Amino acid sequence: MPYCVLVPPCTEFVQSSLNEPKRPSTVMKFSGMLKHQASRKDILVLTVYALAHYVYLTSNGTRVLADIQGTGTHINGKDIMVLFDVMMHSTDGDIGIGDYGAEAGTRQEDNCSTC
């Protein structure tokens with residue numbers, strides 16, 4: 011993605027590109043905004059769902075993680091999954107943009123009965 015930068019002493023623009031050469035391009039979606047059921051049952055998926063279930067239980071059912079996604083990478087000789095852009099719903103719907111409130115929490119509660 012090209013962009014222009016004003017270079018001191020602020021008399022010329024230099025065109026360059028933004029890129030992230032180490033950023034993996036594969037994204038794994040674990041849940042959607044309102045759909046929380048796991049489509050697979052491998053250890054990675056079950057671990058992420060255990061985190062979501064932990065948040066739900068420790069918040070006494072007032073918080074639900076949503077739109078969980080991650081990307082695999084290799085750090086310090088280990089393969090890891092980095093979760094990013096996680097959303098959250100609350101029973102009051104007051105966390106911010108994308109908080110669908112109690113309706114989303116009820117859906118999570120229904121889905122967690124099978125966790």
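Basically the numbering used here = 1-based index in the sequence shown + 10. Heads up, the beta-carbon is just placed ideally off N, CA and C, and yes, glycines get one too. Just so it is clear, the structure is predicted and the values come from calculations on it, not from any experiment.
Query	Result
Determine the closest residue to Gly108 out of Thr36, Met38, Ser35 and Met43, with distance taken between C-alpha atoms.	Met43
Under 8 Å by Cβ, that's how I've got Gln8 and Lys45 pegged, so tell me the actual separation to the nearest angstrom.	With the chain covering only 11 through 125, there is no way to say anything about residue 8.
Let's see if you can read the secondary structure: which residues bound the beta strand (DSSP E) around Leu67?	Careful: Leu67 lies outside any beta strand (DSSP E), inside the alpha helix (DSSP H) at Ile53 to Thr68.
Going by CA-CA distance only, name the one from Asn86, Gly82, Leu75 and His99 that's closest to His63.	Leu75
Using CA atoms only, rank isn't needed, just tell me which of Val55, Arg50, Asn70 and Ser41 is closest to Met91.	Val55
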